[in-house]
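Numbering (our numbering), first residue to last: 1 to 491.
Below: the structure, in structure tokens.
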């Protein structure tokens, strides 16, 4: 990107006039507290990518990745405004970054850009016990937030698998959903208000209220915008009483279609299960093989312990699932095991795709989460699984977020090639075929991981050309200089 015109500074020494050009970055440094702007090589390398499998592969095999010109660590909304004002004036690309946990390439540095790292904005600023809401800065990690709320007997109910390495701002940017979303809702359901900085430095404040009819919902406009329209700096989230524990039901099913139908009926039975998940044979073995799972599909329901009428609601769930063809009740140990190990995949992913390369070179592991109506779920499952299997050595899937009208499907796949280059080619082919299969079945290409760079070329298949054009018009109106996270979201 262009740095823009630089001002001139002069100083006089005797009869000579010394003229020094001050770089735009020096100007920014002068406007921010000491230590806010960093340009050391180690910091730039760390902030150059997020957790996208292809970026991790390129790093570990030694590719030269584009490095940003600087990493900026603001400590307040006003400092973010200072950065964006400067960036607009100098036409400098800005890459907003939370915890760097995104897996679709939504936070990739590029030459001449600056990475805006919000990790210093990590405060829980207030907890309103009367309203049961929490006010936070966008850089607070999920585990930090939950620890602060636990002392008051509260929770947001947002439990993404990446909770220990992702931030509230990232949840908003990527339209995140946690593992208890069936009962507790996703980020858009608990987001009451926010503060965001627009590309030219204006500060937008959406006051926290349970609902408003004052025009289109600007909060919702920024949910899923992936840093392309503004930088979210503060948020207010609704809370609820923290469950004292969990009661679990697990059932075996003879096939994926029967399991999906049974869990659909369980959602509609209003049993109060906050966690509902369904695993195909491959994913069930991966998730429950350690406790002796004998094979077959598994449906899992989790109920917050101690709620009114819990026994009756659990019994209703049992009757619903048995009536839908569940072949056996597996007992609570399946749920207990899952809850204890539900986030282990984060570490496993890092071991496989990071420097350790636990599975050796030429291996890529990734996930693909989609969503569709119940009438399309069987076709989505069969088509995407086949598309991935054409390139991958292993494919598993589970229903991770269930609704009365439909469900998400979360695929995990492992690709192995003779070397890293072949693995990369097969990886890109797998994505292309799987996304096309999803679109053909009428599903959405992402449920909670966002679009990033990985899925941007396929956005028109999801939104249609008129939908993409609407986004482009909004982008042009808010960010005429095009500085906000270029190449992300929009094709």
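Glycine residues also receive a C-beta, built at the ideal position from the N, C-alpha and C atoms.
Keep in mind the model is a prediction, meaning the values are calculated, not measured.
With H, G and I counted as helix, E and B as strand and the rest as coil, what does DSSP make of residue 291? Taking the first residue of the chain shown as position 1, residue 291 is located at position 291. Note: residue 291 maps to helix in three-state DSSP.
Which residues share a DSSP beta bridge with residue 395? For the purposes of this step, residue 395 is taken as residue 395 along the chain shown, with counting starting at 1. Bridge partners of residue 395: 413.
Residues bridged to residue 235 [DSSP beta-bridge criterion]: Working through the chain shown from its first residue, we reach residue 235 at position 235. Its beta-bridge partners are 136 and 194.
Rank 336, 57 and 254 by C-alpha distance to the C-alpha of residue 303 and give the top, closest one. Here the question's residue 303 lines up with position 303 in the chain shown. The shortest Cα separation from residue 303 among 336, 57 and 254 belongs to 336.
Three-way DSSP call (helix, strand, coil) for residue 254 in this model: Start at 1 with the first residue of the chain shown, and residue 254 comes out as number 254. The answer is coil: DSSP assigns residue 254 none of H, G, I, E or B.
Hey, could you find the ends of the alpha helix (DSSP H) residue 474 is sitting in? If you number the chain shown from 1, residue 474 lands on position 474. 459-478 is the span of the alpha helix (DSSP H), which, as asked, contains residue 474.
Near residue 58, which residues of its chain fall below 7 Å by C-beta distance, leaving aside the five closest residues on each side in sequence? One-based indexing of the chain shown puts residue 58 at position 58. Answer for residue 58: 65, listed in chain order.
Could you give the DSSP three-state label for residue 431: helix, strand or coil? For the purposes of this step, residue 431 is taken as residue 431 along the chain shown, with counting starting at 1. Of the three classes helix, strand and coil, the one that applies to residue 431 here is helix, per DSSP.
Once DSSP output is grouped into helix, strand and coil, what is the label at residue 155? Position 155 of the chain shown, counting from 1, holds the residue named residue 155. Here residue 155 sits in strand by DSSP.
Residue 491 to residue 456 span [Cα, whole Å]: The count along the chain shown starts at 1 and reaches residue 491 at position 491. The count along the chain shown starts at 1 and reaches residue 456 at position 456. Using only the alpha carbons, I get a separation of about 5 Å.
Contact check, residue 266 vs residue 321 under 8 Å by CB: the rounded distance? Within the chain shown, the letter at position 266 stands for residue 266. Within the chain shown, the letter at position 321 stands for residue 321. About 6 Å; that satisfies the 8 Å criterion.
Nearest-angstrom Cα separation, counted from residue 301 out to residue 318: As a first step, residue 318 is located in the chain shown; it is residue number 318 there, counting from the start. As a first step, residue 301 is located in the chain shown; it is residue number 301 there, counting from the start. Rounded to the nearest angstrom, the two C-alpha atoms are 10 Å apart.
I believe residue 73 touches residue 117 by the beta-carbon criterion, under 8 Å. Please report the beta-carbon distance rounded to the nearest angstrom. Counting from 1 along the chain shown, the entry for residue 73 is found at position 73. Counting from 1 along the chain shown, the entry for residue 117 is found at position 117. Yes, they are in contact, since the Cβ atoms of residue 73 and residue 117 sit about 5 Å apart, within 8 Å.
Under three-state DSSP, which class holds residue 104? As a first step, residue 104 must be located in the chain shown, where it is residue number 104. DSSP places residue 104 in coil when its eight states are reduced to three.
If you follow the alpha helix (DSSP H) that residue 279 is part of, which residue opens it and which one closes it? Taking the chain shown and counting its residues from 1, the one referred to as residue 279 is at position 279. Here residue 279 belongs to no alpha helix (DSSP H); instead the beta strand (DSSP E) covers 275-279.
Taking the C-alpha atoms as reference points, what is the distance between residue 268 and residue 486? As a first step, residue 268 is located in the chain shown; it is residue number 268 there, counting from the start. As a first step, residue 486 is located in the chain shown; it is residue number 486 there, counting from the start. Going from the Cα of residue 268 to the Cα of residue 486 covers about 42 Å.
Less than 8 Å between the beta carbons of residue 194 and residue 146, yes or no? Position 194 of the chain shown, counted from the first residue, corresponds to residue 194. Position 146 of the chain shown, counted from the first residue, corresponds to residue 146. No, the Cβ-Cβ distance between residue 194 and residue 146 is not below 8 Å.
Inter-residue Cα distance where the pair is residue 479 and residue 202: The residue labelled residue 479 in the question sits at position 479 within the chain shown. The residue labelled residue 202 in the question sits at position 202 within the chain shown. If you take the alpha carbons of residue 479 and residue 202, they lie about 12 Å apart.
May I ask you to list the residues that DSSP assigns as paired with residue 96? Here residue 96 refers to the residue found at position 96 when the chain shown is read from its first residue. Answer is 116.
Among 244, 397, 138 and 329, which one has its Cα closest to the Cα of residue 307? Walking along the chain shown from the start, residue 307 turns up at place 307. Closest by alpha carbon: 244.
So the beta strand (DSSP E) residue 367 belongs to, where does it begin and stop? As a working note, residue 367 is residue 367 in the chain shown. Looking at the DSSP string, the run of the beta strand (DSSP E) that includes residue 367 is 363-373.
Could you round the C-beta distance between residue 37 and residue 28 to whole angstroms and report it? I think they count as a contact, below 8 Å. In the chain shown, counting from the first residue as 1, residue 37 sits at position 37. In the chain shown, counting from the first residue as 1, residue 28 sits at position 28. That pair is a contact at about 6 Å.
Take the Cβ of residue 298 as the centre, count every other Cβ of all protein chains shown within 10 Å, and call the residue buried at 16 or more, exposed below. Here residue 298 refers to the residue found at position 298 of the chain shown. It counts as buried.
Report the rounded CA-to-CA distance for residue 421 versus residue 363, giving the unit in angstroms. The count along the chain shown starts at 1 and reaches residue 421 at position 421. The count along the chain shown starts at 1 and reaches residue 363 at position 363. Residue 421 and residue 363: Cα-Cα distance of roughly 10 Å.
Which same chain residues end up closer than 7 Å to residue 257 when comparing Cβ atoms and leaving out the 5 residues on each side of it in sequence? One-based indexing of the chain shown puts residue 257 at position 257. Excluding residues within five positions, the ones whose Cβ falls inside 7 Å are 378.
Closer than 8 Å is the cut-off here; do at least three beta carbon pairs connect the region 419-436 with the region 358-374? yes
Is there contact here, the region 107-115 with the region 81-94, by at least three beta-carbon pairs under 8 Å? yes
With respect to the alpha helix (DSSP H) encompassing residue 537, which residues constitute its N-terminal and C-terminal limits? Given that the chain is displayed from residue 1 to residue 491, the structure contains no residue 537 and the question cannot be resolved.
Output the distance between the C-alpha atoms of residue 326 and residue 200, rounded to the nearest integer angstrom. As a position in the chain shown, residue 326 is number 326, starting the count at 1. As a position in the chain shown, residue 200 is number 200, starting the count at 1. Approximately 57 Å, taken between the alpha carbons.
Keeping to the same chain, check which residues put their C-beta closer than 6 Å to that of residue 343; ignore five residues upstream and five downstream. On the chain shown, residue 343 is found 343 positions in, with the first residue counted as 1. Hits under 6 Å: 161.
Cutoff 7 Å; reference residue 77; Cβ partners in own chain excluding five residues on either side: Numbered from its first residue, the chain shown carries residue 77 at position 77. Same-chain partners within the cutoff: 195, 197, 203, 233 and 234.
Using DSSP's beta-bridge definition, name the partner residues of residue 304. Taking the first residue of the chain shown as 1, we reach residue 304 at position 304. Note: residue 304 sits in a beta bridge opposite 246.
According to DSSP, which residues form a beta bridge with residue 128? Looking up residue 128 in the chain shown gives position 128. Paired residues: 133.
Quick test of the definition: if touching needs 3 or more C-beta pairs under 8 Å, does the region 445-453 touch the region 463-479? no
Cβ separation of residue 355 and residue 168, assumed to be a contact under 8 Å, to the nearest whole Å: Here residue 355 corresponds to residue number 355 of the chain shown, with the count starting at 1. Here residue 168 corresponds to residue number 168 of the chain shown, with the count starting at 1. About 29 Å separates the two Cβ atoms, so there is no contact after all.
Inter-residue Cα distance where the pair is residue 1 and residue 427: Taking the chain shown and counting its residues from 1, one reaches residue 1 at position 1. Taking the chain shown and counting its residues from 1, one reaches residue 427 at position 427. Confidence is the limiting factor: at residue 1 the pLDDT is only 37, short of 50, which leaves the residue's position unreliable, though a coordinate-based value still follows. Cα to Cα, the separation comes out at about 30 Å.
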